[in-house]
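The block underneath contains the structure these notes are about, expressed in structure tokens.
Residue numbers (UniProt numbering), protein chains in the order written: chain A, 1 to 474; chain W, 1 to 474; chain X, 1 to 474.
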């Protein structure tokens, strides 16, 4: 927000004029960019098919023919559709050796085989093409609003031209990010079209799982009670059942964060090398572990909220009160059950500690935090603390379950409680991890991860073995 | 923190010496800067009116006359007040072509019409002036302490000199940030004097609103009960009333985040163009939406805490107990009211979900997070999730209200409960938004936002329509 | 996560080839780096003692003798142990003027007196040594996984070579961070070996303190009740006692964040100058204040969770119920104690506000947040809000205590409750701070902090007094 604020002075009247920049295309984005450039002290000249029409041009800028405009500047911003690039070919000569800035975007990912910038570069071999500004919105150029638009990805094969463009980006109060050669253009053009690509699978999976558990619980608790006991517990679907879904999904997702690491370890042990690629599904899985973990944290957070409001709920208060009244009327006071006290306190405490570590993991996965720790620290938190969190949350669920086992009505229609399903994967992960840390298994695995191979082709001259290395959990 | 740590080795004894840097002014900041430069392997020479006095100079540095000092280095750091710059004019010749680094600050924002650096540049036309180091504190230079001081804004018209200075900044373990030409000097000099400029209005407004609701509630609940029923509920001002203020303020502020977007949309529809400026108050409002939202989140967070402690409060426990006892003595057990159960669970659940999404919004507005998402993702979260949050929180309040309507004593002295006020703006925003997403209204609006105009002056040659664009909510 | 994603396209087949890069050493890291370089369009040639063995070389790369490899490229990456560097001396001639990239790490901090890179530079005086890539893991090079590995620290004495290497780093999709001259090599080599260096003392101290309080509380509550009253409260160790440890440790740690600032102020007042160094223990202490504060926040967070689950605990529910039943059976209803209501509400509210501000402090200490505020804002939050937090939390504890004093069994075995210990340091800090803000003390202190000295050696020509300055709290 300071940034936004700090740009304002730039808008004030400027004594000196900077170089002239030419913009092809008087469309919305071309106009917005020109507007901002003028603001920041550049002279702007537009190249247009119809120069006479200059109604919407930011004042201070001029509109002339493409040729005239191109002659007036070394930097030409091509703010036209890829479809219109063709007209540039007629300008080969006047554009020779000049910097062409491609700002275009496509309508959908991988719309064309090659990126617009590479297409332009191929069309104009004598000009220096730089990709930039495509992630910036016309609106934010005018108002300097969105944080999300501060970054401007820049790429190009000619470093000098790239540097020139990055200087312009900076003086507009934006942050240039050098993505290297023009090869990066495709990814840069795809970037603004993505919608949380890495989050898709984790979120779909968790929603599907939630739906399944919801239906299962409705049958088990609502329908059962209505049919068998003629009791109306439909209102369970508001809090009681969600508060069963959340912990179960959270625990399963958390376990799924560490399961691929286990698979990888087994695969490496079995193959006796780390130099054969994992199957794609495993690679995919490993790449979205962070997202899996954060979705799990979200569910855990909801579980905590749902749990903490329990004593506020009218239904719960009514149940407690009627229990007290029932004692009062039957003239008895149930004694304190020490084991009960141990039990309830124990699994609640385990849950609290698990959630606490979970939040810690979440914080360290914030970009600014994870960038400020080194590899060893990141691994320590994400691996050791991660497994500790998984263990605590699993114990929490086991404890909760243990308690349930005590009371009678645990298996309506022989349907086990959902928490039992939630325990399967976590237990598998923890047991397997337990075996993997046995020295007899850990030693060869570590060796393999350090590049050693069961049937070595040669003795490595220099195995730079101090380099940080991946472990099953990271 | 690693960074702090990582600077230490630099302080160790250094084999090679770097270039010589000259500092004019032996004041506190001049000394601190020199101290650090010596630490990092530069030779430092001070220029002073009174060279013989070198008591406080960091050891290793020398003090000579201004002229002698200037001759020994190409980079002269001017660590003196703007008021003292005049003495530099006599050094025009010796400083010709050299880099003058202006590190000065002012006492208040816009103290002078021009920035100190521009003033210096104007006074010394033959030298290259670079603005830097003004955001760094003398203390952090000596101890390398504060995160807040890592960034050093640098600006100047001569790129070579700027690069030289940025290299020095880097080797001091600080992070240079190129702000472009010397035009940015004014904003850089104003920067360290600001105190949360964008936060002023949101915070004042919320505090004012809180005060009003506080007084209103005191009259309605405390005074009324004392006067009419002779009951002492003064202790309500500690938690009960704050827990009415927080949700109300939070909801109103959240609605105010989206109201300006609605106004903007209507204005654009009415004018049929996006190219006429909004009134200033609307621009101002739109620029502090993020701050409004975060203040709202703070209030919501307090509301959650105040609510969760309800069952711990002695007064509440007492009320619950006496209700039970009253049943016990009258020998009855009030039956479970299914509708009551639905009700209490429903509005609590809505609140939980609303708060959950609200926290999500808050997290995505962290700089490091919002920088790592693209425009489309940022808009998705801030706009769609934002409106969903507003809808959920409004429903939560309506639900809460619905419950209240049931009990009798809702209108002491005909004063409606505060939550009723809190519903006005959110409902207006939601209703208007509901109309704005009608195709018949949405289509022209989108067109306008893409640069289309009702009375077009010309046909845009190339409307780069794939560029991300502002929507009412972002 | 976008980043990870955005690297993928780079891996696709590439039309143009970039320059040739030579890698000495076919160890794990050498191979991984080569693999990635080939991916990104570089031609890679390995230098090896045994060229014929090229089994594990990434396809596309070739293996030849060291001499041949060195001749084919201007950039040679030395992926061998420091121990093997000696063989390079025989290549003095062929490596003359070329860039040697040292990627090595050591096994423990300060393993050698000089850094590997400086050692290499000293051995190869005619080559340009650049330190880079040592913080990157072989694994992340192959999979592009970890956020923690995005940053690549680069340092070297020759800027041109450094720029070349940084360009390569960028095109691998990593973020180069220029750390200046080769002097920084030692810190860069130590970096990946650190494990939260600044966190060690705060964490050890808090764990020690927790242990002491735990034992003390076990004796006071569990053992005492078992011995004297023959009651089994062993289950207190699960939640009740932890919920005594957390607030106490949190409050003490928070006070310890501000205590060193008080010491510093007194020391400066006593010495009448800021230019004599603090004792090392004080410097150390001041440098880990941020960590102290965050550990305190963690304990406070646990305290909040432990407190909010109170009404859910079976033991608590049992106690409440039996209290109600006891009234029911004795046919009485205890009246509402207004003072009791005031009391319980007051200290709870103080706790909520304290925790709220504490969370605010925690958020502002996130790297990305603290980098976006200026010095004045940072100081405002960390100093003023910090002291307000300390005051609120102390009042919260006093309030809680006040309540305890009421009931009889406060001193089993004459052991005072732990919260009493927790009040000592906070009260000392607050009282001293109270005196320090007396004008008569604050004025000279501020003057000293601005460089003034009681026995000045000379009149400073220009005390750049507007520069932000350290205060006792920052």
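All C-beta atoms in this analysis are idealised placements derived from N, C-alpha and C, irrespective of residue type, glycine included.
query: Three-state class that DSSP yields for residue 24 (chain A) in the structure shown; result: strand
query: Residues, ordered as in the chain, of the region 159-173 of chain X that lie near chain A by beta-carbon distance below 7 Å; result: 170, 171
query: Start-to-end residues for the beta strand (DSSP E) that takes in residue 75 (chain X); result: 75-78
query: Proximal residues, the region 205-235 of chain A versus chain W, C-beta separation under 7 Å; result: 232, 235
query: Distance CB(residue 20 (chain A))-CB(residue 73 (chain A)) smaller than 7 Å; result: yes
query: Chain-ordered residues of the region 325-346 of chain A with a beta carbon less than 7 Å from chain X; result: 327, 328, 333, 336, 338, 340, 341, 342, 344, 345, 346
query: Any chain X beta carbon closer than 7 Å to residue 315 (chain W); result: yes
query: Cutoff 7 Å: residue 196 (chain A) Cβ touching any chain W Cβ; result: yes
query: Segments assigned beta strand (DSSP E), at least 3 residues, entirely inside the region 171-222 of chain W; result: 175-178
query: Buried or exposed by the 16-neighbour rule on C-beta atoms within 10 Å, applied to residue 27 (chain A); result: buried
query: Cβ-based burial, residue 384 (chain W) [other Cβ within 10 Å; buried from 16]; result: exposed
query: Cβ neighbours of residue 454 (chain W) in the same chain (closer than 6 Å, five flanking residues each side left out); result: 272
query: Where residue 310 (chain X) meets chain W, residues with beta-carbon distance less than 7 Å; result: 312
query: Rounded C-alpha distance that separates residue 283 (chain W) from residue 178 (chain W); result: 27 Å
query: Among W:217, W:440, W:308, the one whose alpha carbon lies nearest that of residue 269 (chain W); result: W:440
query: Where the region 76-98 of chain A meets chain X: residues whose CB sits under 9 Å from a CB there; result: none
query: Euclidean distance between Cα positions of residue 265 (chain A) and residue 257 (chain A); result: 14 Å
query: Within chain A, the residues that residue 318 (chain X) reaches when beta carbons sit closer than 7 Å; result: 336
query: Alpha carbon of residue 113 (chain A) to alpha carbon of residue 84 (chain A), nearest angstrom; result: 17 Å
query: Spatial distance of residue 433 (chain W) from residue 262 (chain W) (CA atoms); result: 7 Å
query: Distance between beta carbons of residue 295 (chain W) and residue 253 (chain W), contact taken as under 8 Å; result: 6 Å
query: CB contact check: residue 178 (chain A) to chain X, cutoff 7 Å; result: yes
query: Proximity to residue 225 (chain X) [Cα-Cα], best of X:23, X:448, X:37, X:412; result: X:412
query: Pick from W:314, W:338, W:181 that is closest to residue 316 (chain A), judged by C-alpha positions; result: W:338
query: Burial state of residue 39 (chain A) (16 or more Cβ within 10 Å); result: buried
query: Any chain A beta carbon closer than 7 Å to residue 367 (chain X); result: yes
query: Distance between residue 167 (chain A) and residue 18 (chain X) (C-alpha atoms, nearest Å); result: 25 Å
query: C-alpha distance - residue 97 (chain A) paired with residue 182 (chain A), whole-angstrom precision; result: 17 Å
query: Status (buried if at least 16 other CB within 10 Å, exposed otherwise) for residue 211 (chain X); result: exposed
query: Distance, residue 221 (chain A) Cα to residue 184 (chain A) Cα; result: 55 Å
query: CB contact check: residue 321 (chain W) to chain B, cutoff 7 Å; result: The displayed structure is made up of protein chains A, W and X, and chain B is not among them.
query: Counterpart residues of residue 102 (chain X) in DSSP-defined beta bridges; result: X:78, X:131
query: Below-7 Å beta-carbon distance, residue 262 (chain W) vs any chain A residue; result: no
query: Residue 92 (chain X), DSSP secondary structure in three states; result: coil
query: Residue 191 (chain A) and residue 374 (chain W) closer than 7 Å at C-beta; result: yes
query: With 16 other Cβ atoms within 10 Å as the buried cut-off, status of residue 148 (chain W); result: Its pLDDT being 46, under 50, residue 148 (chain W) is placed unreliably in this model, and the coordinates cannot settle the point.
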